[in-house]
Amino acid sequence: MSETSFTIFAILLGAAGLAAEFNLGRIFIKDWLIGRRERRAATAARRGALRTGPAPAENAPVEAPHVAPVKLLPIAAAAALTACTLTARAANAVSDAPGPAGASTSLTFDPGAAGQPTEPAPVPDEPKPLTISTDRPGFSDSSGIAPLWHLQLETGYTFTLRDRDGVESHTHNAPELLARIGLIEDRLEIRIGTSGYFWSRSDDGAATSSAEGFSDAFAGFKLKLIDQDGAIPRLALEGITTLSLGDHDISNRDVEPTAKLIASWDLGSGFTLTSNAVLTYATTSGSRFIQVAGSASLSYSVSDTTSVFVEYFAVGPRIKGSDAAHSIDFGGAYLLNNRVQLDARVGFGLNAEADNVFVGVGISFLF
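Below you can see the structure in the form of structure tokens.
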């Protein structure tokens with residue numbers, strides 16, 4: 001039987017049970033009223049007999065008071081309870097829509113009390129509405145998974161200033177895009193995105209040059225491994241690869257697979273510590289090399305709508321044959337509502353390999 005057919009059947013059965021209970025109650029009220037009138041009439045007759053003196057005949061039949069069919073009560077009650085239970089199970093199977101906000105109460109039945117209701121028992125509050133939680137705006141990805149069958153779209157813009165070895169360059173890229181869809185509740189999501197359109201202008205003091213075009217697209221997944229258990233962090237594994245779809249002046253036009261292990265600790269009092277360990281099979285001018293990266297990010301929830309973070313990360317080598325680039329950044333995020341988030345960050349390089357300054361802003365949506 002399909003869920004729809006089962007639901008209709010359960011609703012009809014529940015309605016029949018309620019109708020039976022209503023009819024049974026009507027019969028009890030009617031019988032009680034009839035019995036009450038008969039008792040009053042018998043009492044009046046006895047009082048009249050006492051006043052007039054004649055006694056009733058010795059063998060005169062005595063009419064017994066009308067007795068309600070109480071034997072039907074347990075059967076009807078059991079049928080109604082069964083019907084209501086089936087209805088509730090069917091409703092839970094086909095709908096997860098939240099009910100009224102706040103806790104409610106329902107009557108509970110004690111089998112040892114002949115089906116009489118006991119004190120109302122509290123029912124747990126309905127689950128909180130979905131709230132967006134992004135991987136933006138820092139370098140570190142979170143260990144969170146996109147809600148099941150919901151699309152989460154994270155977008156942004158970044159400006160980078162680099163002034164190293166006598167060459168100053170300004171780079172803009174937007175829109176940074178990351179689309180996430182949950183496939184298994186709090187377990188697995190798929191990811192696809194791009195760093196957007198790049199525009200760069202460089203000046204070495206003698207001449208200027210510029211380059212522009214679309215960056216490469218990437219696709220992958222994020223899989224939660226375990227939840228936090230004391231000092232053991234919540235762990236997630238992320239796997240992505242570029243798709244060699246970008247423009248020649250911007251993208252290296254090659255596939256670069258990346259594996260990322262994400263660890264996060266809920267420290268309490270609004271603090272969360274997140275760490276990423278990243279391994280990439282990168283390319284520079286067609287030459288392959290292993291690139292590693294690591295990060296540590298400490299975030300703090302100022303309120304239900306506002307959070308801030310500070311982060312350190314390193315990428316090395318930045319390109320083949322170079323040293324590692326070390327950077328620090330900080331920023332925050334603000335919820336316009338449960339499904340829309342604004343974010344901003346600013347960062348600085350800590351050594352000559354890193355960019356001098358980078359600034360970013362973004363907006364993200366949960367659909």
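Residues in the sequence shown are numbered consecutively from 1, following this note's numbering. Glycine included, each C-beta is placed from N, C-alpha and C at the ideal position. This structure is a prediction, so every number in the text was calculated from the model and none was measured.
| Check | Outcome |
| --- | --- |
| Of the choices ALA259, THR171, SER275, whose alpha-carbon is the least far from that of ILE250? | THR171 |
| Looking only at its chain, what residues have a beta carbon closer than 7 Å to the beta carbon of LEU225, apart from the 5 residues adjacent to it on each side? | LEU235, ALA236, LEU237 |
| Would you mind sorting VAL167 into buried or exposed? The rule is 16 or more other CB atoms within 10 Å of its CB. | exposed |
| Going by other Cβ atoms of all chains shown within 10 Å of its Cβ, with 16 needed for buried, is PRO374 buried or exposed? | Given a span of 1 to 367 for the chain in the structure shown, any question on residue 374 remains unanswerable. |
| Does the distance from the C-beta atom of SER200 to that of ALA211 stay below 7 Å? | yes |
| Can SER295 and SER140 be called in contact, C-beta distance under 7 Å? | yes |
| Using the three-state DSSP reduction, which class does THR131 fall into: helix, strand or coil? | coil |
| Using the C-alpha atoms, what's the distance from GLU126 back to VAL292? | 44 Å |
| If you check the beta carbons only, do GLY362 and THR155 fall under 7 Å apart? | yes |
| From ALA10 to TYR312, what does the alpha carbon distance come to, in whole angstroms? | Residue confidence for ALA10 is low, a pLDDT of 48 falling below 50, so the modelled location carries little weight; the figure read from the coordinates is stated next. About 58 Å. |
| Quick one, are the C-beta atoms of ASN338 and ARG162 less than 7 Å apart? | no |
| Could you tell me which residues DSSP pairs with GLN228 in its beta bridges? | According to DSSP, which records beta bridges pairwise, GLN228 is partnered with nothing at all. |
| If you draw a straight line from the alpha carbon of SER364 to that of ASN276, how long is it in whole angstroms? | 22 Å |
| I need the straight-line Cα distance from THR241 to LYS260, nearest angstrom please. | 11 Å |
| Relative to the alpha-carbon of GLY282, which residue among LEU342, LEU148, PRO257, HIS248 has its alpha-carbon at the smallest distance? | Just to set this straight, residue 282 is Ala in the shown sequence, not Gly. Minimum Cα distance to ALA282 is reached at PRO257. |
| If you follow the beta strand (DSSP E) that HIS326 is in, where does it begin and where does it stop? | 325-337 |
| From the DSSP output, which residues share a beta bridge with VAL255? | DSSP output for VAL255 lists no bridge partner at all. |
| Check each candidate in HIS326, ASP266, ASP254 and name the one with the smallest Cα separation from SER287. | ASP254 |
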